[in-house]
Amino acid sequence: MSRSGFYLYHICRLALGGMFLYAGGVKADNVVVFARDVANYQLLPYAWNYLVAATLPYVEAVAGLLLVFNRKVRPAALLLAILTFVFMLALASVVARGMEIDCGCFNPGQGHTSAVMALLRDVGILLLALLTLRLRSRMLS
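Numbering-wise (my numbering), the sequence shown opens with residue 812 and increments by one.
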């Protein structure tokens, strides 16, 4: 791998890891508000909203930590890519149903990020996760 590829890998890994470490931290800080944001999507049975709100922030934070500390990078980046894709599907359903809700992504209960803007942001996050996976695979070959 070239020197620029090496630096690009570390920038992508740290950016993705830091982003999900932050996102998981702010969600874990106020699980009740995040549960309300999850319920606003109207996709899960009522009790599952709290289960998702109680577990997802820690999954995101642990995967983010793994990326920041350069450990288990491929599984962590793959998990975050899958979570981002699932979230994109949820956002697409919100847009298709004409709903206006706060995505609850980075600041649950604080302000309003439109579903369309969150969807566009998540396309970038998904591309970042996939690029991290690709660069990591190239480093190992």
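Cβ coordinates follow ideal geometry from the N, Cα and C atoms, glycine included. As the structure is a prediction and not an experimental result, all values here were calculated from the model.
Based on Cα-Cα distance, which residue from Cys916, Val843, Leu951 and Leu939 lies nearest to Ile822?
Checking every option, the nearest Cα to that of Ile822 belongs to Leu939.
Please state whether DSSP places Ser904 in a helix, a strand or coil.
It is helical.
Since Pro868 contacts Gly835 with CB under 8 Å, what's their CB separation in whole angstroms?
Yes, Pro868 and Gly835 are in contact; Cβ-Cβ is about 4 Å, under 8 Å.
Shortest alpha-carbon distance to Ala874 belongs to which of Leu862, Ile893 and Met899?
Taking only the C-alpha atoms, the option nearest Ala874 is Ile893.
Pick out whichever of Val934, Glu871, Phe817 and Arg947 has its Cα sitting closest to the Cα of Phe917.
If we check each option's Cα against that of Phe917, Glu871 comes out closest.
In chain order, what residues of the same chain lie with their CB nearer than 7 Å to the CB of Ala839, ignoring the 5 residues before and after it?
Excluding residues within five positions, the ones whose Cβ falls inside 7 Å are Pro868, Tyr869 and Ala872.
If Leu855 and Val863 are in contact, beta carbons under 8 Å, what's the gap, nearest whole angstrom?
About 7 Å separates the two Cβ atoms, so the contact holds.
Do Leu891 and Phe817 have their C-beta atoms within less than 8 Å of each other?
Not in contact: Leu891 and Phe817 (Cβ atoms no closer than 8 Å).
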